[in-house]
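A short write-up of the structure that comes next.
Numbering (the working numbering), first residue to last: 68 to 365.
Listed below in structure tokens is the structure:
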């Protein structure tokens, strides 16, 4: 599995480079540390294998047998938690505690230099999205088209953020701060994949579900839309300039992708509201059973 995921990662890096160079022809590029990215990719791959073995050894065999996909999805969530915690830490630390939001012009927000923390977030995100895309191909729970596109496009945006550089100010929020909501989600998904542990530790599941919902709505809906609007205002402003330090196609491409990601957030929020209704109001399973009964009658 490690060899296959490494090959897929290499193909993804090549695709991003080819796509970027062919369609967007950047005027100048900053160096991206692909060696560091590959090290993170390999670390995630080996940790996934380690986590799978750890679960087989220490988790209840019956719980694993009942799980969706055995230990695969559990090990996946354990592995995801590491890079998500990493980028969240640097995102929140930079955004809230290093006066990163000081008054700036549109040009500074979009074309400003890449700080060390932004570089850490961008490079780890590229490695994580490449690994996530590669490993997701092996499980039907993870390989929906929107998720695969999400991984590929996130990697591309991080590459532009570091190499051009472009949008490092907004990148620290979208690629770092927002991921804080994914940490409790990893716990919720783990419980979902292992229903025995969900029943055994219901309070843990409820606390993380509520925490995820609150963080998601605040960071990925309310503040997401606010900063997306700011990115659009800045982008439309610089598009009026006669000469840009990055290709115009990149500026337009980022706006298009922002629409894609915003639609995804709203769609996921709709799913979140449905799950919240099932958790606190109930009736979800009964509705599904009634629908199945109606189908059988027809």
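Beta carbons: idealized from backbone N, C-alpha and C, even for Gly.
Here the structure is a predicted model, which is why all the values come from computation and not from measurement.
Residue 241 lies in the alpha helix (DSSP H); which residues open and close that run? 235–241
Excluding the 5 residues flanking residue 173 on each side, which residues of the same chain have their C-beta closer than 7 Å to its C-beta? 301, 304, 305
Counting only the same chain and skipping the five closest in sequence on each side, list residues whose C-beta sits under 8 Å from that of residue 255. 272, 275, 276, 279
From which residue to which residue does the alpha helix (DSSP H) around residue 183 run? 183–203
From 238, 210, 127, residue whose alpha carbon lies closest to that of residue 191: 238
Is the Cβ-Cβ distance between residue 248 and residue 282 less than 9 Å? yes
If you check the beta carbons only, do residue 98 and residue 230 fall under 9 Å apart? yes
Endpoints, the alpha helix (DSSP H) within which residue 266 is located: 262–267
Using DSSP with H/G/I as helix, E/B as strand and the rest coil, what is residue 171? coil
Three-state secondary structure (DSSP) of residue 251: helix
Spatial distance of residue 338 from residue 108 (CA atoms): 30 Å
By Cβ distance, which residues of its chain are closer than 6 Å to residue 147, with the 5 residues on each side in sequence left out? 253
Straight-line Cα distance separating residue 329 from residue 360: Because residue 360 sits at a pLDDT of 48, beneath the cut-off of 50, its placement in the model cannot be relied upon, and the following sentence gives the value as read from the coordinates. Answer to the nearest angstrom: the Cα atoms are 36 Å apart.
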